[in-house]
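Scroll down for the structure; my scribbles are underneath it.
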Amino acid sequence: MDIALEFVPPISIALTRFLIVSMVFIIVDLYFFINRKRQVDKYNKNKKKENLRYTKKEWIYLIIASFCGILLFFGAQYSAIELIGP
């Protein structure tokens, strides 16, 4: 049996988990961007467009999401390493 076949399943599991987490972050970022743009458009119908800035609530969401993403990525990485063995 080739040694590469022993490494493929754990690496593919980690890659799949990483891709899922990355797609979730892209969806969350798009949601925040669209929602923020709608709020600014509602508020500034007759005014000039101002710079789009993150609110305090959005910063808290981004920090929590980044910690969750780090936790999921390292969890996937360590479980893949555990499957490979020493």
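The sequence shown begins at 1 in full-length UniProt numbering and counts up by one. Where a beta carbon is used, it is the ideal one built from N, C-alpha and C, also for glycine.
Three-state secondary structure (DSSP) of residue i
i	result
R38	helix
T55	coil
Cβ separation of residue i and residue j, assumed to be a contact under 8 Å, to the nearest whole Å
i	j	result
A65	I13	Rounded, the Cβ-Cβ distance is 22 Å, inconsistent with contact.
G69	F33	Going by Cβ atoms, the distance from G69 to F33 rounds to 18 Å, so no, they are not a contact pair.
8 Å Cβ shell around residue i - same chain, five flanking residues per side excluded
i	result
M1	Caution applies to M1, whose pLDDT of 48 falls short of 50 and renders its modelled position unreliable; the value that the coordinates give is listed next. Closer than 8 Å at Cβ, skipping near neighbours: no residue.
Y54	F32, R36 and L62
Neighbour-count burial assignment, residue i, 16 or more Cβ in a 10 Å radius
i	result
T16	exposed
Residues near residue i by beta carbon distance below 7 Å, same chain, minus five either side
i	result
F73	F18 and V21
V28	A65
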